[in-house]
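Data block below; observations after.
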Amino acid sequence: MMKNNGILSTILIILGNLLVAASVSFFILPNNILTGGVAGIAIAIYPIIPINPVILINILTYGLFIVGAIFLGKKFALRTLLSTFVYPVGVSLFSFIYSTFPENTFIMEPYLASIYGGLISGIGLGLCFRENASTGGMDIPALILHKYTPLSSGDSVALVDICTILLGLMTHGLQPALIGILSVFTGSAAINRTVLLGTQKAMNVMIISRKWIEIRDFIVNEFGRGVTILDGIGGYTQEYHPVLMCVIKQKHLAILETKVKSLDPSAFVIVNNVNEVHGEGFTYGEE
């Protein structure tokens, strides 16, 4: 089973990197979209250093891999090796394929290229992140910042992306930089959705009510969910109040709220989103 899981993980990492490479070759480079990553750097510095962006992407990817191996260690290098090989090869391959298409096939409004490039790239990065894999490239400066400064990993990534956009602002102007921000935000949203793909969305509900027994019985009998009863004491009244806590599926929330309101209009209900839940009725079985 572990061997199969390792094979599947490798396939997903390769697929993720190829999606990122495809987004760069078909959307980012042909439309000169300023974005995060090595592709954004290659486009941003092209007016200063007019090297073919595909060649520059390869140089930056391999160069940053060496820097990461020096500053972040052998373990990081091994975890990043597959992406460091697949991504630049993918960019070169897809760029060649792009050159065989009729001229201007993928030339479009910059904001469209930015959105779709960010979307496809974000899905690819999300697949890699699901497998706890580093994609190399501009992840490496962010990880180095995180290691040697008080910055969190999220803040480090954001700082690197901001620096890339600012570089593009100086070389390409305001409008291309603003369009590039669309790519960064679209990619970020796609990463989050992909990482959470396949997990159960649920709601954590806490209820304080004098009718707690009836509400508990309704949850158990109607939804087949367990209920945890917590001890609660009112801060003002000093009275004991049992607190019901349960996790239900999103589709059941309106039904539960309606029932609680009918049983006790003065009930106190707290609802929190749960992005992921594991256990009986969620990952171990469906209704």
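Quick note on this note's numbering: the sequence shown kicks off at 920 and runs consecutively. C-beta: ideal position from N, C-alpha, C; glycine also.
query                                                                                                                                                                                : result
Taking all protein chains shown into account, do 16 or more other C-beta atoms lie within 10 angstroms of the C-beta of residue 1102, making it buried, or fewer, making it exposed? : buried
Would you identify the three-state DSSP class for residue 923, choosing helix, strand or coil?                                                                                       : With a pLDDT of 46 at residue 923, under the threshold of 50, the predicted position of this residue should be treated as unreliable, though the coordinate-derived value follows. Reduced to three states, the DSSP call for residue 923 is helix.
Excluding the 5 residues flanking residue 1052 on each side, which residues of the same chain have their C-beta closer than 6 angstroms to its C-beta?                               : 932
Comparing C-alpha positions only, which one of 1171, 1184, 1037 and 1086 sits nearest to residue 1108?                                                                               : 1037
When burial is assigned at 16 or more other CB atoms within 10 Å of the CB, is residue 1112 buried or exposed?                                                                       : exposed
Where residue 941 and residue 1010 are concerned, what is the direct C-alpha to C-alpha distance, given to the nearest angstrom?                                                     : 7 angstroms
Using alpha carbons as the reference points, say which of 1157, 1105 and 1178 lies closest to residue 1140.                                                                          : 1178
Thinking C-alpha only, which one of 1163, 1021, 938 and 1028 is nearest residue 1040?                                                                                                : 938
What number of angstroms, rounded off, separates the C-alpha of residue 1110 from the C-alpha of residue 1175?                                                                       : 32 angstroms
How would you label residue 1002, buried or exposed, when you count the other beta carbons within 10 angstroms and need 16 or more for buried?                                       : buried
Can you have a look at residue 1167 and say buried or exposed, based on whether 16 or more other CB atoms are within 10 angstroms of its CB?                                         : buried
Taking 8 angstroms as the threshold (C-beta atoms), are residue 1043 and residue 935 in contact?                                                                                     : yes
Which whole-angstrom value describes the C-beta separation of residue 1132 and residue 1162, a residue pair presumed to lie in contact below a C-beta threshold of 8 angstroms?      : About 13 angstroms separates the two Cβ atoms, so there is no contact after all.
Please say whether residue 957 and residue 1057 have beta carbons closer to each other than 8 angstroms?                                                                             : yes
Output needed for residue 1135: all residues of its chain with C-beta closer than 8 angstroms, excluding positions within five of it in sequence on either side, in chain order.     : 1146, 1148 and 1163
Have a look at 1125, 1015, 1181 and 1137 and flag the residue whose alpha-carbon is nearest the alpha-carbon of residue 1160.                                                        : 1125
Determine the direct distance from the alpha carbon of residue 1143 to that of residue 1187, and round the result to whole angstroms.                                                : 22 angstroms
From what residue to what residue does the beta strand (DSSP E) around residue 1190 run?                                                                                             : 1187-1193
Would you tell me roughly how many angstroms separate the C-alpha atoms of residue 922 and residue 997, rounded to the nearest one?                                                  : Unreliable positioning characterises residue 922 in this predicted model, as indicated by a pLDDT of 43, which lies under 50. The coordinate reading is nonetheless provided below. In a straight line, the C-alpha of residue 922 is about 18 angstroms away from that of residue 997.
Spatial neighbours of residue 1106 within its chain, please: CB distance less than 6 angstroms, with the 5 preceding and 5 following residues excluded, ordered by chain position.   : 1037, 1040 and 1041
Opposite residue 1151 in the DSSP bridges: which residues?                                                                                                                           : 1160
Take residue 1130 as the anchor and find which of 1034, 1185 and 1093 has the nearest alpha-carbon.                                                                                  : 1185
In whole angstroms, give me the CA-to-CA distance for residue 1023 and residue 994.                                                                                                  : 43 angstroms
Would you mind sorting residue 986 into buried or exposed? The rule is 16 or more other CB atoms within 10 Å of its CB.                                                              : exposed
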